[in-house]
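Engineer: Sequential numbering of the sequence shown, starting at 1075, is according to the numbering used here.
For every residue, glycine included, the Cβ atom is placed at its ideal position computed from N, Cα and C.
Could you have a look at this structure, given as structure tokens, before my questions?
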Amino acid sequence: MEVTPQQPGIILLAAGSASRMGMPKQLLVYRQQPMIRHLLEKLQTLNLPICVVLGARAAMIRPVIADFAIQVVECKDWERGMGASLKSGLRAIWQAHPTLAGVLVCVADQPFLSAGLLQQFLTQFQTNEQPAAIFAARYASQVIGVPVLFSRYHFPLLERMEDAAGAKKILSDQQNNIIPLDFPQGDFDVDRPEDWDFFRNQSIF
């Protein structure tokens, strides 16, 4: 995929072990297909380069997404934390697309993430004139988190972030540069079987 000026890429972090769920939550099936496929279909509506970072259970997940036109990398040190996975994805997508204007970082266990919100991130980014701006989701709890869109201005910080802390410290240090986008259900993620039961009783697709 050719990347045009002011176009970011997408990094989908899907490397976790899902120890509390007891199985890869990326593969939990909803309406006849795994959750990670639902998410990739939403991400593809942006028509941007996508890099999926796998780790635990990579051999199980990779075949499920093999038909998508995406970049897939395996983070060998995923157990060190989300920062390790993010750096792995950043290196891979940046090498494949050196002119990227930024990266939109998403995680695989936010089932309420919508294509509409993703488009808001892209629109805000492409119309923004502040190179240091960071576009981040704001949950109902007022917590700032993922999805988060970093411009290439912040790539050096991402390359140096701690593996265990991930991008949390960057967001804390860069509070004055954050432009929040409301995502009330963003702090709901699928960690336990009861979370999945709750989600399946909702109608979002």
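Can you tell me whether P1137 is buried or exposed? The criterion is at least 16 other CB atoms within 10 Å of its CB, across all chains shown.
Structural biologist: Exposed.
Engineer: Could you tell me the alpha carbon to alpha carbon distance between L1192 and L1117, rounded to whole angstroms?
Structural biologist: Roughly 7 angstroms between the two C-alpha positions.
Engineer: In three-state DSSP terms, what is I1139?
Structural biologist: Note: I1139 maps to helix in three-state DSSP.
Engineer: For V1127 and I1085, which I take to be in contact (beta-carbon distance under 8 angstroms), what is that distance rounded to the nearest angstrom?
Structural biologist: About 7 angstroms; that satisfies the 8 angstroms criterion.
Engineer: Candidates S1188, D1151, A1207, D1263: which alpha carbon is nearest A1089's?
Structural biologist: Among S1188, D1151, A1207, D1263, the Cα nearest to that of A1089 belongs to D1151.
Engineer: Taking Cβ to Cβ, would you say Y1350 is nearer than 8 angstroms to G1260?
Structural biologist: Examination of residue 1350 is not possible in this model, given that the chain is present from 1075 through 1279 alone.
Engineer: Does the Cβ-Cβ distance between I1244 and H1228 come in under 8 angstroms?
Structural biologist: Yes, the pair counts as a contact, with Cβ atoms nearer than the cut-off.
Engineer: Restricting to Cα atoms, I'd like to know which of V1179, P1185, V1146 is closest to A1166.
Structural biologist: Ranking V1179, P1185, V1146 by Cα distance to A1166 puts V1146 first.
Engineer: Looking at I1218 and P1254, is the spacing between their C-beta atoms short of 8 angstroms?
Structural biologist: Against a cut-off of 8 angstroms, the Cβ pair of I1218 and P1254 comes out as a contact.
Engineer: In the DSSP output, what is D1256 paired with across the bridge?
Structural biologist: Note: D1256 sits in a beta bridge opposite R1212.
Engineer: Measuring alpha carbon to alpha carbon, tell me which of D1247, R1111, V1179 ends up nearest A1140.
Structural biologist: Selected option, being the one with the closest Cα: R1111.
Engineer: So, helix, strand or coil for S1246, using DSSP?
Structural biologist: If DSSP states are grouped into helix, strand and coil, S1246 belongs with the helices.
Engineer: Of all the options M1134, V1177, G1163, Q1106, which has the alpha carbon lying nearest to the alpha carbon of Q1081?
Structural biologist: Ranking M1134, V1177, G1163, Q1106 by Cα distance to Q1081 puts V1177 first.
Engineer: I'd like the list of long-range same chain contacts for F1199, defined as Cβ closer than 7 angstroms, with 5 residues on each side in sequence excluded.
Structural biologist: P1082, G1176, F1209, L1223.
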